[in-house]
């Protein structure tokens, strides 16, 4: 889920850093200043085209504006999955370091 309030706060932070007004951004993106202000407050939701245009004016990527939403979408792994992944990576590093799998640690990833 997109956190529009935090997205708006990041937009406001970048806008202020660039010393631009809401009116400046709105004019560049061809939307009303009130609509832009509502986007910054998380009240209104911009279209994808508008979001990209705002990101371009602010000279940031849309991923920066949406970063809280992207992080929420990252799957969480169980402790067992993390253990298996760590073991797999350790074995791959050992292969790189020694050119072969350590004898005392047979591969079993089930």
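Numbering (our numbering), first residue to last: 6 to 115.
Idealized CB from N, CA, C, for every residue including glycine.
| Check | Outcome |
| --- | --- |
| Close beta carbons around residue 126, own chain, < 6 angstroms, minus the five adjacent residues each side | Look at the range of the chain in this structure, 6 to 115, and you will see that residue 126 is not part of it. |
| Backbone secondary structure at residue 64 - three-state DSSP | coil |
| Candidates 18, 69, 57, 10: closest to residue 33 by CA position | 57 |
| Complete runs of the alpha helix (DSSP H) confined to the segment 22–52 [at least 4 residues] | 27–34, 38–45 |
| Spatially closest choice to residue 24 from 70, 63, 9, 44, by CA coordinates | 63 |
| Own chain partners of residue 43 with C-beta closer than 6 angstroms, once the 5 adjacent residues on each side are dropped | 49 |
| Residue 87 in three-state terms, based on DSSP | helix |
| Nearest to residue 3 (by Cα), restricted to the options 53, 10, 66, 65 | Residue 3 lies beyond the range of the chain shown here (6 to 115); nothing can be said about it. |
| Rounded straight-line distance, which links the Cα of residue 100 to that of residue 15 | 44 angstroms |
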